[in-house]
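K.L.:
Right, I'll just put the structure down here and ask away after.
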Amino acid sequence: METQNQNGAEAPIKVSTLNCIDLSNPDIHHSVPLLKQACLDCGFFYVVNHGISQEFMEEVFAQSKNFFHLPLNEKKELLRNEKHRGYTPVLDELLDPDNQVHVGDYKEGYYIGVEVPEDDPDSEKPFYGPNVWPADGVLPGWRQTMEKFHYEALEVAKAIARVIALALDLEVDFFDRPEMLGKPIATLRLLHYEGQISDPSKGIYGAGAHSDYGLITLLATDDVMGLQICKDKDAKPRKWEYVAPIKGAFIINLGDMLERWSNCIFKSTLHRVLGNGQERYSVAYFVEPSHDCLVECLPTCKSEKNPPKFPPIRCGTYLTQRYKDTHAELSVYNKHHT
Ligand code: OGA
Ligand code: NI
12 METQNQNGAE APIKVSTLNC IDLSNPDIHH SVPLLKQACL DCGFFYVVNH GISQEFMEEV
72 FAQSKNFFHL PLNEKKELLR NEKHRGYTPV LDELLDPDNQ VHVGDYKEGY YIGVEVPEDD
132 PDSEKPFYGP NVWPADGVLP GWRQTMEKFH YEALEVAKAI ARVIALALDL EVDFFDRPEM
192 LGKPIATLRL LHYEGQISDP SKGIYGAGAH SDYGLITLLA TDDVMGLQIC KDKDAKPRKW
252 EYVAPIKGAF IINLGDMLER WSNCIFKSTL HRVLGNGQER YSVAYFVEPS HDCLVECLPT
312 CKSEKNPPKF PPIRCGTYLT QRYKDTHAEL SVYNKHHT
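For the sequence shown, position 238 matches number 249 in my numbering, and the numbering has no gaps at all.
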């Protein structure tokens with residue numbers, strides 16, 4: 012367990028300076044090196060002028076609050092299913108078992124994926140299927156808001172993936188191909204941290220240390236600080252830096268699949284959330300390629316001297332394993348559910 016005090020008894024926790032990519036800037040000679048440097052350094056950066064209006068983001072946060080304000084028994088009607096859609100209660104997720112003893116994350120969440128109807132043959136595959144939605148009339152306009160955000164965030168993700176492709180010396184549309192983001196696994200996750208004060212010395216976190224699993228994650232947060240990154244996971248003790256929210260920006264981070272694709276040239280960085288006693292809301296959008304996509308070392312990231320560090324793996328197989336490692340078995344819901 013970590014001995015470091017939450018407030019940094021030894022040294023105050025600094026606020027990270029991250030590069031900022033303007034997605035509306037057509038001058039790729041400017042954005043590609045800026046993004047590349049961020050990906051080589053820590054895989055975290057900001058994106059502004061992404062095309063999703065501030066007004067709409069406020070609506071998404073307002074609707075997210077409306078959901079989490081529902082009575083617990085109503086939220087439990089919508090519990091996460093085997094397709095990873097729906098409500099995840101507090102302590103459902105255990106991201107960092109070495110440091111989180113007997114408890115999970117002090118956050119509740121709601122997963123919304125790409126809507127694949129039950130009669131579509133793809134719905135046989137893990138992570139594809141219909142969503143779970145609150146009953147009509149409970150939260151007016153809720154589904155429409157979330158579906159619109161899901162759609163718009165995917166467009167933003169594709170625009171970022173084009174800059175990433177260029178930074179990796181690939182064709183600009185490398186990630187646009189059908190097996191990549193043509194039929195993505197993309198998950199919108201609403202998050203609510205209830206206002207617990209985290210205490211790393213006791214293993215209590217809003218979200219335990221982890222790296223994300225996929226290609227990239229888009230994160231929007233309210234203005235409560237809490238997110239921290241650790242650029243060197245092998246340092247002892249680990250050094251954490253805050254990532255400050257910027258109004259109107261997404262915080263983007265690279266996931267482990269991109270680290271595999273790029274043979275660890277691009278970094279997926281350890282991060283966590285510490286609660287400071289204030290309630291906090293965030294909206295994460297996890298972007299992965301299609302279920303059947305083979306994630307293997309990119310041609311531009313290997314050489315005789317630098318052979319692939321990982322064997323190729325199917326996206327669906329990899330994700331299934333990662334979710335199993337970090338989430339409660341669905342059967343625990345039956346025990347608690349009345
Ligand atoms: C995540 C995550 C950070 C946050 O959900 O993977 O890192 O600020 N969230 O909620
Ligand atoms: Ni994360």
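Built from N, CA and C at the ideal position, the CB exists for glycine as well.
Every value quoted in this text rests on a predicted model; they were computed, and no experiment measured them.
In whole angstroms, what separates the C-alpha of Ser279 from that of Cys241?
P.N.:
What you label residue 279 is simply residue 268 of the sequence shown in a count that begins at 1. What you label residue 241 is simply residue 230 of the sequence shown in a count that begins at 1. The straight-line gap from Cα to Cα measures roughly 10 angstroms.
K.L.:
Taking the beta strand (DSSP E) that Gln239 belongs to, which residues open and close that run?
P.N.:
Here residue 239 refers to the residue found at position 228 of the sequence shown. Leu238 to Cys241 is the span of the beta strand (DSSP E), which, as asked, contains Gln239.
K.L.:
Cα separation between Arg291 and His302?
P.N.:
Your numbering for residue 291 matches position 280 in the sequence shown. Your numbering for residue 302 matches position 291 in the sequence shown. Each residue's alpha carbon lies about 32 angstroms from the other.
K.L.:
Would you check if the distance between the CB atom of Cys326 and the CB atom of Val306 is smaller than 8 angstroms?
P.N.:
As a working mapping, residue 326 is identified with position 315 in the sequence shown. As a working mapping, residue 306 is identified with position 295 in the sequence shown. Result yes, Cβ atoms of Cys326 and Val306 sit closer than 8 angstroms.
K.L.:
With DSSP as the reference, please indicate the residues paired to Gly140 in a beta bridge.
P.N.:
Position 129 of the sequence shown, counted from the start, is the residue given in the question as residue 140. Answer by DSSP bridge pairing, in chain order: Glu126.
K.L.:
Which residues does DSSP list as the beta-bridge partners of Gly62?
P.N.:
Within the sequence shown, numbered from 1, the residue matching residue 62 stands at position 51. Paired residue(s): none; Gly62 is not in a bridge.
K.L.:
Kindly indicate which three-state DSSP category Leu257 falls into: helix, strand or coil?
P.N.:
Here the question's residue 257 lines up with position 246 in the sequence shown. According to the sequence as given, residue 257 is Ile; it is not Leu. Coil at Ile257, not helix or strand.
K.L.:
Using the three-state DSSP reduction, which class does Glu70 fall into: helix, strand or coil?
P.N.:
Counting from 1 along the sequence shown, the entry for residue 70 is found at position 59. Three-state result, Glu70: helix.
K.L.:
With a 10 Å radius around its C-beta and 16 neighbouring C-beta atoms as the bar for buried, classify Gln332 as buried or exposed.
P.N.:
As a position in the sequence shown, residue 332 is number 321, starting the count at 1. Gln332 is exposed by the Cβ-count criterion.
K.L.:
Would you check if the segment 122-133 and the segment 60-71 touch, i.e. whether three or more CB-CB distances between them fall below 8 angstroms?
P.N.:
no
K.L.:
Is there contact between the segment 41-55 and the segment 147-154, where contact requires at least three CB pairs shorter than 8 angstroms?
P.N.:
no
K.L.:
Quick one: residues in its chain with C-beta nearer than 8 angstroms to the C-beta of Pro23, no 5 flanking neighbours on either side, listed in chain order?
P.N.:
In the sequence shown, counting from the first residue as 1, residue 23 sits at position 12. So the list is empty, once near-sequence residues are dropped.
K.L.:
Between Pro319, Asp234 and Tyr216, which lies nearest to Gly391 when the distance is taken from Cα to Cα?
P.N.:
Outside the modelled stretch of the chain, which goes from 12 to 349, sits residue 391, for which no answer is possible.
K.L.:
Note down, in chain order, each residue of its chain lying with its Cβ closer than 7 angstroms to the Cβ of His338, except the 5 sequence neighbours on either side.
P.N.:
Translated into positions along the sequence shown, residue 338 becomes position 327. Excluding positions up to five away in sequence, the list reads Asp103 and Glu104.
K.L.:
So Arg154 packs on Ala218, CB below 8 angstroms; how close in whole Å?
P.N.:
Mapped onto the sequence shown, residue 154 falls at position 143. Mapped onto the sequence shown, residue 218 falls at position 207. That belief does not hold up - the Cβ atoms of Arg154 and Ala218 are roughly 26 angstroms apart, past 8 angstroms.
K.L.:
Going by C-alpha to C-alpha distance, which of Ala168, Leu179, Arg91 and Glu158 sits closest to His61?
P.N.:
As a working mapping, residue 61 is identified with position 50 in the sequence shown. Scanning Ala168, Leu179, Arg91 and Glu158 for the CA closest to the CA of His61 turns up Ala168.
K.L.:
In whole angstroms, give me the CA-to-CA distance for Pro310 and Asp180.
P.N.:
Position 299 of the sequence shown, counted from the start, is the residue given in the question as residue 310. Position 169 of the sequence shown, counted from the start, is the residue given in the question as residue 180. Put simply, the backbone Cα of Pro310 is about 10 angstroms away from that of Asp180.
K.L.:
For His282, which three-state DSSP category applies?
P.N.:
Within the sequence shown, residue 282 is the residue found at index 271, counting from 1. Of the three classes helix, strand and coil, the one that applies to His282 here is strand, per DSSP.
K.L.:
Quick check on the DSSP output: the beta strand (DSSP E) that includes Ile32 runs from which residue to which?
P.N.:
If you number the sequence shown from 1, residue 32 lands on position 21. Cys31 to Asp33 is the extent of the beta strand (DSSP E) around Ile32.
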